[in-house]
Amino acid sequence: MTQVKSGDTVRIHYTGTLADGSTFDSSAGRDPLEFAVGSGQIIPGLDKAMPGMAVGDKKTVEVPADEAYGAHNPDARQAIPRDQIPADIPVEVGLQLQMQTPQGQVMPVVVADVTETEVTLDANHPLAGKDLTFAIELVEILS
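Under this note's numbering, the first residue of the sequence shown carries the number 1, and numbering increases by one thereafter.
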């Protein structure tokens, strides 16, 4: 039976859960996730779990934060004067916004805190600092 090796393009179904058991993402009801193993297209901890699997294999993979979205970086939080945010944009904790870096890159941020004078924006990935668990099933090896 053919087993996955680095460089293969594969398709998997998955369900990702947090330590409390809540689901943060799943391919249920969607097409399987397709990626090239070892290419860096998915988080490292999940990528490492693929070699050796055969079509139809299922496994549960525990991925520590440092092999997922990394540690929560306090430097990725920035307080800006509230008057620098356009008046037509509601600022409430948890709201996702997009900022543009000086280099022109679009960067997603979340409103982390709001005071009368400042809005604190957090550019950390929402799953940064979290250990993740994935239930995966190898659906297909394309190459």
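For each residue, glycine too, the CB sits at the ideal point set by N, CA and C. Note that the structure is a prediction, hence the values are computed from the model and not measured.
1. Assign A68 to one of two classes, buried (16 or more other C-beta atoms within 10 Å of its C-beta) or exposed (fewer than that).
2. How would you label F134, buried or exposed, when you count the other beta carbons within 10 angstroms and need 16 or more for buried?
3. Report the residue ranges of all alpha helix (DSSP H) runs contained in full by the segment 11 to 73; include only those spanning at least 4 residues, in chain order.
4. Does the segment 23 to 43 come within contact of the segment 106 to 115, defined as at least 3 CB pairs closer than 8 Å?
5. Tell me which same chain residues have a C-beta within less than 7 Å of the C-beta of M1, skipping the five on either side of it?
6. According to DSSP, is Q105 part of a helix, a strand, or is it coil?
This is what the structure holds:
1. buried
2. buried
3. 44 to 47
4. no
5. A54
6. coil
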